[in-house]
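Report on the following structure.
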Amino acid sequence: MTAVFENIQAAAPDSILGVTAKYLADPRLEKVNLGVGLYLDEKGKPKVLDVVRQEQKTLIESGLPNTYLPIRGLAAYRELTQKMVFGEHSDVVQSGRACTIQALGGTGAIKLAADFMRNVCGTTVGASSDPTWGNHDDIMRLSGLKVQKYRYYDAAHFGVDFFGMLEDVARLPSGAMPIFHSCCHNPTGYDMTIEQWAELLELCRSHGLVPLLDMAYQGFREGLEADAAAIRLFAESGVDFLVATSYSKSFGLYSERVGALTVVTQSKKQADAVTTRVEALARANYSNPPSFGSRIVAGVLSDSVKRALWEAELATMRDRIRSMRCALAEEMKKIGAKRDFSFITRQSGMFSFTGFSPEQMDRLANEFGIYAVRNGRICICGLNASNVAYVARAFADVL
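Residue numbers (this note's numbering): 7 to 405.
Take a look at the structure:
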């Protein structure tokens, strides 16, 4: 009998999720996990939001049957997501020219977007920033897109290489799908100004590009409204584009896979047709989405009191991240590190790009038990008052 699977080689470990496995296997007591993107509280524990806990209890006690959701997902969740992204009074929402499909987290939303663009629209090229989130390129390739890169990180000046970005995006063929991080760029933490977004928008329009704006961290930069500014700029412009959203971070619902794909078109007729095509892709993939997480989100966002409580908890998370950025920069300054680390305070969101080489990251893991992605990305949420000085000393030692 032929052994069909005999020659299959094992895949390489995931570059992000594999970090936690190494951290857990380390027997040292003094160790720090700055790898996977989880929000951790001051005690280093995953945060369960109070309002989420209350809504979970309410849902369980209500005795809702575990029946299938529609392929496109929970109606209230989809409607509230549109209002969250575009604003309640946006023309996109009022006119019906956007369709929103519940997805399996932000990852699932990006996969649906790539599948839709390749299999329905005939797109052959996708693009992502250099660097980008580790899963973007694999998702696009698996959907059959050829992946091109555009410059983004300016290592010399600790910021965005905007002119390099424009040059590379301008070379993409008409119909290509570049992925842009709408806020809290992962992994660098550097975001564009609204003026730069406006210039990028006009480039996309003139070159016939169909961008996918990835918004996994709404509320973690400045606030819910401010963090949606780039997407709302695109929405007002009348161009076709897509949005991938996720509530994993903002609600702490990592395991519930609560995301959505929104496709912005020119008319309600177009949006209705797009909905059916994306539904067909979802049906052949996972059939329909889970309901518990989306019901939690919808329950909170639809109630003004609960929403206010959630926004307050989100602000607390945002403020703690900012304070840890400042604390790390201050500790590096205090011990006289060879490099000025104040650039960390100019970054936004859960992640920071340290500029460390893979070899320096290996030293941090091997010598100090500090684990993070080898490209130099660290999760600021892994820092707290009890470990920030230790991390700063280790950083200074490997410089």
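In this text, a Cβ means the ideal position worked out from N, Cα and C, and glycines have one as well.
{"Check": "Between the C-alpha atoms of residue 104 and residue 219, what's the straight-line distance to the nearest angstrom?", "Outcome": "14 Å"}
{"Check": "Whose C-beta lies closer than 6 Å to the C-beta of residue 354 among residues of the same chain, with five residues either side of it excluded?", "Outcome": "190, 195, 197, 227"}
{"Check": "Taking Cβ positions, are residue 234 and residue 250 nearer each other than 9 Å?", "Outcome": "no"}
{"Check": "Taking the alpha helix (DSSP H) that residue 330 falls in, what are its first and last residues?", "Outcome": "310-340"}
{"Check": "Is DSSP giving residue 263 helix, strand or coil here?", "Outcome": "coil"}
{"Check": "Would you mind listing the beta strand (DSSP E) stretches within the segment 138-170 that are 3+ residues and don't spill past its ends, in chain order?", "Outcome": "152-157"}
{"Check": "Threshold first: 4 residues or longer. Then list the alpha helix (DSSP H) segments lying entirely within the segment 60-111, N to C.", "Outcome": "81-92, 97-101"}
{"Check": "List the DSSP bridge partners of residue 191.", "Outcome": "Paired residues: none, contrary to the question."}
{"Check": "When you compare only the Cα positions, how much space is there between residue 365 and residue 31?", "Outcome": "20 Å"}
{"Check": "To the nearest angstrom, how far is it from the Cα of residue 367 to the Cα of residue 22?", "Outcome": "13 Å"}
{"Check": "Which ranges does the beta strand (DSSP E) cover as unbroken runs of at least 3 residues, wholly within the segment 219-265, from first to last along the chain?", "Outcome": "247-252"}
{"Check": "Report the three-state DSSP secondary structure of residue 356 (helix, strand or coil).", "Outcome": "coil"}
{"Check": "Under three-state DSSP, which class holds residue 349?", "Outcome": "helix"}
{"Check": "Residues in the same chain with beta-carbon distance under 7 Å from residue 300, minus the five sequence neighbours each way, listed in chain order, please.", "Outcome": "79, 80, 83, 108, 264"}
{"Check": "Short check: CB of residue 395 to CB of residue 344, under 9 Å?", "Outcome": "no"}
{"Check": "With DSSP as the reference, please indicate the residues paired to residue 39 in a beta bridge.", "Outcome": "377"}
{"Check": "Tell me the residue span of the alpha helix (DSSP H) that contains residue 383.", "Outcome": "First-last for residue 383: 383-385, but that is the beta strand (DSSP E), not the alpha helix (DSSP H)."}
{"Check": "Name the one or two DSSP bridge partners that residue 133 has.", "Outcome": "154, 184"}
{"Check": "Considering only the beta carbon of each residue, do residue 181 and residue 131 sit closer than 9 Å?", "Outcome": "yes"}
{"Check": "Would you list the one or two residues that DSSP bridges to residue 268?", "Outcome": "106, 249"}
{"Check": "For residue 55, which residues in the same chain have their Cβ closer than 6 Å to its Cβ, ignoring the five residues on either side in sequence?", "Outcome": "258, 319"}
{"Check": "In angstroms with no decimal places, state the Cα-to-Cα distance between residue 268 and residue 376.", "Outcome": "38 Å"}
{"Check": "Take residue 4 and list the residues in its own chain whose beta-carbon comes closer than 7 Å to its own, dropping the five residues that flank it on each side.", "Outcome": "Lying before the first or after the last residue shown, residue 4 is absent from the chain, which here runs from 7 to 405."}
{"Check": "Tell me, which residues are paired with residue 46 by DSSP?", "Outcome": "52"}
{"Check": "Does the Cβ of residue 420 have 16 or more other Cβ atoms within 10 Å, making it buried, or fewer, making it exposed?", "Outcome": "Nothing can be reported for residue 420, as the shown portion of the chain is limited to 7 through 405."}
{"Check": "Within the chosen definition, does the segment 293-307 reach the segment 54-71 through at least 3 CB pairs nearer than 8 Å?", "Outcome": "yes"}
{"Check": "Using three-state DSSP, classify residue 292 as helix, strand or coil.", "Outcome": "coil"}
{"Check": "Which residue wins for smallest C-alpha separation from residue 70, given the options 297, 272, 342, 87?", "Outcome": "297"}
{"Check": "Measuring straight from C-alpha to C-alpha, what distance separates residue 302 and residue 65?", "Outcome": "8 Å"}
{"Check": "By Cβ distance, which residues of its chain are closer than 7 Å to residue 102, with the 5 residues on each side in sequence left out?", "Outcome": "274, 277"}
{"Check": "DSSP state of residue 15, grouped into three classes?", "Outcome": "coil"}
{"Check": "Would residue 390 and residue 287 be called neighbours here (beta carbons separated by less than 9 Å)?", "Outcome": "no"}
{"Check": "Quick one: grab the DSSP three-state call for residue 117.", "Outcome": "helix"}
{"Check": "Would you decide whether residue 163 is buried or exposed? Buried here means 16 or more other CB atoms lie within 10 Å of its CB.", "Outcome": "exposed"}
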